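Going letter by letter, the sequence shown gives residues 1 to 413 in the UniProt record's numbering.
Glycine included, each C-beta is placed from N, C-alpha and C at the ideal position.
On a predicted model such as this, the values are computed, not experimentally measured, just so you know.
Take a look at the structure below.
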Amino acid sequence: MSQRVCIIGGGVIGLASAYALVRQGLEVTLVEAQDSLGSQTSFANGGQLSYRYVAPLADAGVPWQALGWMLKGDSPLRLRPRLDPAQWRWLAGFLGACRHSVNQRNGAHLLRLALLSQETLKTWREADGLTDFDWRRNGKLVTFREAGSFEHARHNLSDPRQQQVLTGAECASLEPALGDAPFIGGIYTPDEEVADCHAFCQQLAARLRASGRCEILLGQRVRGIRHQGDRVQAIDLGERQLAVDHLVLAAGHRSPELHLPGLKLPLYPLKGYSLSAPIGPQHRAPEISITDYNRKIVYARIGQQLRVAAMVDIVGFDPAPDPGRLALLRHQAAQTFAHAGDYQAAVEWAGMRPATPSGVPLVGGTAYRNLWLNLGHGALGFTLACGSGQLLGELIGQRPTSIDMQGLAPRAA
Numbered sequence: 001m002s003q004r005v006c007i008i009g010g011g012v013i014g015l016a017s018a019y020a021l022v023r024q025g026l027e028v029t030l031v032e033a034q035d036s037l038g039s040q041t042s043f044a045n046g047g048q049l050s051y052r053y054v055a056p057l058a059d060a061g062v063p064w065q066a067l068g069w070m071l072k073g074d075s076p077l078r079l080r081p082r083l084d085p086a087q088w089r090w091l092a093g094f095l096g097a098c099r100h101s102v103n104q105r106n107g108a109h110l111l112r113l114a115l116l117s118q119e120t121l122k123t124w125r126e127a128d129g130l131t132d133f134d135w136r137r138n139g140k141l142v143t144f145r146e147a148g149s150f151e152h153a154r155h156n157l158s159d160p161r162q163q164q165v166l167t168g169a170e171c172a173s174l175e176p177a178l179g180d181a182p183f184i185g186g187i188y189t190p191d192e193e194v195a196d197c198h199a200f201c202q203q204l205a206a207r208l209r210a211s212g213r214c215e216i217l218l219g220q221r222v223r224g225i226r227h228q229g230d231r232v233q234a235i236d237l238g239e240r241q242l243a244v245d246h247l248v249l250a251a252g253h254r255s256p257e258l259h260l261p262g263l264k265l266p267l268y269p270l271k272g273y274s275l276s277a278p279i280g281p282q283h284r285a286p287e288i289s290i291t292d293y294n295r296k297i298v299y300a301r302i303g304q305q306l307r308v309a310a311m312v313d314i315v316g317f318d319p320a321p322d323p324g325r326l327a328l329l330r331h332q333a334a335q336t337f338a339h340a341g342d343y344q345a346a347v348e349w350a351g352m353r354p355a356t357p358s359g360v361p362l363v364g365g366t367a368y369r370n371l372w373l374n375l376g377h378g379a380l381g382f383t384l385a386c387g388s389g390q391l392l393g394e395l396i397g398q399r400p401t402s403i404d405m406q407g408l409a410p411r412a413a
């Protein structure tokens with residue numbers, strides 16, 4: 001008799017996990033608190049599938065840089081200290097990870113997972129015919145306004161075989177939309193990709209429903225997890241208990257609310273913002289994905305819209321968009337790419353990116369023999385989703401994993 005895996009969370013991480021499990025012959029029940037799938041953090045994220053530029057936020061010098069940012073009104077990072085032990089524990093862990101050696105080690109773990117994710121998505125697209133989510137291999141250009149950050153980046157490439165160091169003039173030649181943008185140089189990675197994360201979620205959901213192996217329960221908030229000894233037994237949905245053979249937590253930054261003895265999840269939400277600006281025939285949007293390194297803003301053309309995403313707000317659990325932050329993002333985008341899209345008609349969005357202090361997600365088993373984690377991908381959720389789902393399927397199916405799990409296995413149980 002086939003074992004059924006229950007997944008809590010219907011964003012891109014939960015859906016990619018479900019798809020990987022169904023592909024490997026397992027039965028899945030996916031439980032989502034909202035009335036629709038991919039409607040929270042996955043809805044309007046940056047859209048860049050950034051496989052080779054996966055450096056964690058925590059690095060040497062970042063705390064001092066962050067202090068400087070906090071004194072500026074146009075800072076890409078904002079911290080609002082709260083009387084919240086979870087916030088202070090997360091910040092302490094983050095400060096502990098702000099060392100160059102730790103950043104390099106964690107970056108290597110992320111790169112390994114990201115390259116698996118790229119290969120996994122390729123298989124799903126080509127072998128399964130998974131389409132209709134505005135996927136393109138358009139390349140990515142990380143651009144720099146300051147000589148110091150450019151010099152540091154050019155001497156610390158994550159994959160020197162694939163990445164090219166370009167002058168400002170070469171950047172403008174490669175991507176004419178840069179025009180008069182004030183960039184002195186850039187790092188170009190030709191085989192990076194872009195896609196619509198929300199549309200990807202809908203395509204996965206359609207395939208899952210058609211498979212006959214996946215039941216999707218919408219509008220079902222999990223109120224608790226029942227366990228006995230070192231096994232979880234059921235999830236509490238209020239009106240009923242749903243028995244589980246295996247349980248996967250993929251509920252993002254809200255996962256710590258599902259208390260289990262001995263399970264500590266070092267997650268905190270990093271609020272980010274985006275604009276989705278329509279692209280008309282009069283506009284000149286960049287075809288290559290652009291990351292404005294010094295302003296921490298990403299630009300990605302997704303179909304007929306320009307997705308502009310940025311900012312890290314460590315301000316608690318309120319997901320409401322901040323009008324001031326969105327106004328700043330619109331102003332800075334118009335400064336850099338004045339003719340790339342209709343910024344006044346842009347759709348505004350804010351999302352809560354679930355992050356670990358180190359930037360490395362928790363993927364794998366716990367002290368509970370049938371409880372699995374797929375959490376903490378931060379701003380790289382879309383990039384890492386397919387690879388994380390693939391690994392989870394291999395672990396639950398007791399097969400050798402596609403990559404070394406060092407650094408990825410949960411350190412929280």
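Between the segment 312-319 and the segment 368-375 there are fewer than three C-beta pairs closer than 8 Å, too few to call the two in contact.
Counting only runs of 3 or more residues that sit fully inside the segment 202-286, the beta strand (DSSP E) segments are 214-218, 224-228, 231-236, 241-243, 246-249 and 268-278, in chain order. In the three-state reduction of the DSSP assignment, residue 70 falls in the helix class, which pools H, G and I.
Per the coordinates, the alpha-carbon of residue 285 lies some 16 Å from the alpha-carbon of residue 142.
A direct Cα-Cα distance of roughly 22 Å separates residue 59 from residue 352. In the three-state reduction of the DSSP assignment, residue 370 falls in the coil class, being assigned neither a helical nor a strand state.
The criterion of a C-beta distance shorter than 7 Å is satisfied by residue 374 and residue 248. Each of 55, 166, 354 and 305 was checked against the Cα of residue 256, and the nearest Cα belongs to 354. Here DSSP, grouped into helix, strand and coil, assigns residue 98 to coil. Less than 7 Å divides the Cβ of residue 193 from the Cβ of residue 49.
Taking 8 Å as the upper bound for CB-CB distance, residue 158 and residue 55 are in contact here, some 7 Å apart.
The count of Cβ pairs closer than 8 Å, one atom from the segment 294-310 and one from the segment 140-156, reaches three, so the stretches are in contact. Counting of Cβ neighbours within 10 angstroms places residue 271 among the buried residues, the total reaching 16 or more. Shown here, residue 315 sits in coil according to DSSP, grouped into three states, outside any helix or strand.
The beta carbon of residue 76 lies closer than 8 Å to those of 69, 295, 296, 297, 310, 311 and 312 in the same chain, with the five residues before and after it left out.
Closest by C-alpha distance to residue 228, out of 261, 196 and 29, is 261.
Looking from the CA of residue 6, the closest CA among 328, 219, 356 and 215 belongs to 215. Ranking 95, 342, 52 and 118 by CA distance to the CA of residue 304 puts 342 first. Counting other Cβ atoms within 10 Å of its Cβ, residue 357 reaches 16 or more and is therefore classed as buried. Remark: C-beta atoms of residue 40 and residue 11 approach each other more closely than 7 Å. Inter-residue distance for residue 162 and residue 238 is about 51 Å (C-alpha atoms, whole angstroms). Within the same chain, and ignoring the five residues on either side of residue 224 in sequence, the residues whose Cβ sits closer than 8 Å to its Cβ are 235, 236, 258 and 259.
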